[in-house]
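*Asks:*
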Amino acid sequence: NTKITQSPRYLILGRANKSLECEQHLGHNAMYWYKQSAEKPPELMFLYNLKQLIRNETVPSRFIPECPDSSKLLLHISAVDPEDSAVYFCASSPWDWANTGQLYFGEGSKLTVL
Amino acid sequence: AQSVTQPDARVTVSEGASLQLRCKYSYSATPYLFWYVQYPRQGLQLLLKYYSGDPVVQGVNGFEAEFSKSNSSFHLRKASVHWSDSAVYFCALIGGYGGSGNKLIFGTGTLLSVKP
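Heads up: the protein sequence lines correspond to chains Z and H, in order.
Mapping to the numbering used here: the first sequence position 60 is 60, numbers consecutive.
Here the numbering used here = 1-based position in the second sequence + 114.
1) Determine, using beta carbons only, whether CYS67(Z) and GLN24(Z) come nearer to each other than 9 Å.
2) From the DSSP secondary-structure annotation, give me the bridge partner or partners of GLU180(H).
3) Looking at the structure shown, is TRP97(Z) part of a helix, part of a strand, or coil, going by DSSP?
4) For PRO60(Z), which residues does DSSP report across the bridge?
5) Quick one: what's got a C-beta closer than 7 Å to ILE12(Z)'s C-beta in the same chain, skipping five residues either side?
6) Is ASN216(H) close to chain Z? Criterion is C-beta to C-beta, closer than 9 Å.
7) Should PRO138(Z) go down as buried or exposed, given a rule of 16 or more other Cβ atoms within 10 Å for buried?
8) For PRO145(H), count neighbouring Cβ atoms within 10 angstroms of its own Cβ and tell me buried if that reaches 16, exposed if not.
9) Which residues in chain Z have a C-beta closer than 7 Å to the C-beta of TYR203(H)? List them in chain order.
10) What does DSSP give as the partner residues of SER227(H) in its beta bridges?
Okay, structure coming up:
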């Protein structure tokens, strides 16, 4: 899916700070961050709609999302923990996508914490 | 509480054989139900969805699923699998609506391996 781009695709960190970036070219109002740990299903972290944070799923405070505009989503990570090693997926959709199924995922950013 | 159970962590079938991946859900009403596929190093892609109407829904690449309210199930089927179907399959439902947006709740996934 080249209409949702994530960068970087791979990230190896010690206890540094870093940001993940996502951009969608689908004209969607809602954007999401999901975390997928090894051999686990994706879990919702944050949901934005029209740049407003709608859901924060009890994520550690070292993860700070930012939505500078409706097409871009950032995830700032500080002082990472080994339990943060996972693939972080960005997704986007129209606000009410249930009937159409129009929720699209990016290819993910794989974070490895040393 | 809403939940999705996929009882089979791994399924192996021979190419050309038929396939059924099982999914059971727990929800107080009829949920929106989905099947997603995840190929290695890729994001999730929607295979099919169900909310109402004909309990058998058709999806992409020859997949179909059957909803059963009495069994609280939404099993995925394919008549003849191809090696390229090897992937992880997730069943999911929407567990939150309205002003808080649509939150997907996933099952734990089933890894499908298709033997040549």
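Built from N, CA and C at the ideal position, the CB exists for glycine as well.
*Replies:* In brief:
1) Taking the first sequence and counting its residues from 1, the one referred to as residue 67(Z) is at position 67. Taking the first sequence and counting its residues from 1, the one referred to as residue 24(Z) is at position 24. Not closer than 9 Å, so no.
2) Indexing the second sequence from 1 puts residue 180(H) at position 66. Answer by DSSP bridge pairing, in chain order: VAL170(H) and HIS189(H).
3) By one-based count along the first sequence, residue 97(Z) stands at place 97. Coil, per DSSP.
4) By 1-based counting over the first sequence, the position of residue 60(Z) is 60. Note: PRO60(Z) sits in no beta bridge, so no partner.
5) On the first sequence, residue 12(Z) is found 12 positions in, with the first residue counted as 1. Taken in chain order, the residues that qualify are THR112 and LEU114.
6) As a working note, residue 216(H) is residue 102 in the second sequence. Answer yes: the Cβ-Cβ gap between ASN216(H) and chain Z drops below 9 Å somewhere.
7) In the structure displayed, chain Z extends from 1 to 114; residue 138(Z) sits before or after that span and is not available.
8) Counted from its first residue, the second sequence places residue 145(H) at position 31. Buried, since its Cβ has 16 or more Cβ neighbours within 10 Å.
9) Counted from its first residue, the second sequence places residue 203(H) at position 89. Neighbours of TYR203(H) on chain Z: none; closest Cβ ~11 Å, over 7 Å.
10) One-based indexing of the second sequence puts residue 227(H) at position 113. SER227(H) is bridged to THR126(H).
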